[in-house]
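Visitor:
Residue numbers (our numbering): 28 to 250.
1) Here's a check: name, in chain order, each residue in its chain whose Cβ is nearer than 8 Å to the Cβ of residue 40, leaving out the five neighbours to either side.
2) For the beta strand (DSSP E) that residue 205 lies in, which residues bound it at each end?
3) Report yes if the C-beta distance between residue 206 and residue 224 is below 7 Å; otherwise report no.
4) Which of helix, strand or coil does DSSP assign to residue 241?
5) Could you tell me which of 152, 95, 117 sits nearest to residue 128, measuring between CA atoms?
6) Give the DSSP-derived three-state secondary structure of residue 159 in the structure shown.
7) With a CB to CB cut of under 6 Å and the five nearest residues on each side skipped, what residues in its chain are close to residue 164?
8) Measure the C-alpha to C-alpha separation of residue 66 and residue 193 and round it to an integer number of angstroms.
9) Which residue from 246, 241, 216 puts its Cα closest to that of residue 209?
10) With DSSP as the reference, identify every bridge partner of residue 79, one or two as the case may be.
11) With H, G and I counted as helix, E and B as strand and the rest as coil, what does DSSP make of residue 186?
12) So the candidates are 119, 211, 226; which of them puts its Cα closest to the Cα of residue 249?
13) Can you have a look at residue 242 and say buried or exposed, based on whether 16 or more other CB atoms are within 10 angstroms of its CB?
14) Residue 135 lies in the beta strand (DSSP E); which residues open and close that run?
15) Who are the near neighbours of residue 110 in its chain, counting only those whose CB is closer than 8 Å to its CB and skipping five residues on each side?
16) If you compare alpha carbons, which of 226, 222, 202 is closest to residue 187?
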């Protein structure tokens with residue numbers, strides 16, 4: 028019986044330790060790049076730090092190299108961060124990059140002049156924005172979901188990249204889709220849509236001007 032209680036105590040102690048948040052100061056950065064199925068929540072702040080929670084908190088590797096903050100699992104736990112969550116507190120960030128099934132969420136509205144979003148290898152970005160100029164890139168199954176308001180946006184999708192932007196109200200949108208990518212956009216003044224090799228573009232917002240260009244198949248639809 029004593030051995031049973033000892034084992035139970037050890038298991039509970041391990042569980043508590045595994046779930047204890049880890050806070051790290053990371054220094055200033057303007058780009059965040061995430062890997063290995065880790066889920067990130069971006070939070071505007073006066074300091075630059077991360078708070079790691081969930082499972083395997085000790086196995087998360089944080090590196091800030093010349094302003095590029097990389098968040099990934101250690102080599103022996105690669106692609107094993109689906110139960111790991113990181114709050115990223117930032118002062119200013121210009122590039123958000125989701126890789127290898129990672130999820131990056133910005134629940135708070137990001138208000139700034141410029142922002143670049145990149146998603147690949149099944150990575151996903153979900154962001155509410157109030158931005159003058161937005162540049163989005165998604166390839167190899169990457170998904171970008173946006174809402175809010177943007178004056179000008181440019182989107183490039185390839186090899187299965189998906190852009191869900193019907194809830195993002197823009198004045199001008201330029202979108203290029205190829206090789207099975209899909210884009211859902213909204214524009215009020217100009218929508219410049221180019222598609223090739225099986226891509227799909229759906230335009231909302233009743234823009235004043237719509238430019239269409241199709242090469243080697245693909246579809247452009249105005250809703």
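C-beta atoms are modelled at their ideal positions from N, C-alpha and C, and glycine is treated no differently.
Bear in mind that the values here come from a model prediction, so they are computed numbers and not experimental data.
Guide: Taking the structure as given:
1) Because the pLDDT of residue 40 is 44, which lies under 50, any placement of that residue in the model is unreliable, and the question is left without a value.
2) 189-205
3) yes
4) strand
5) 152
6) strand
7) 145, 183
8) 24 Å
9) 246
10) 49, 113
11) coil
12) 211
13) exposed
14) 130-146
15) 81, 82, 83
16) 226
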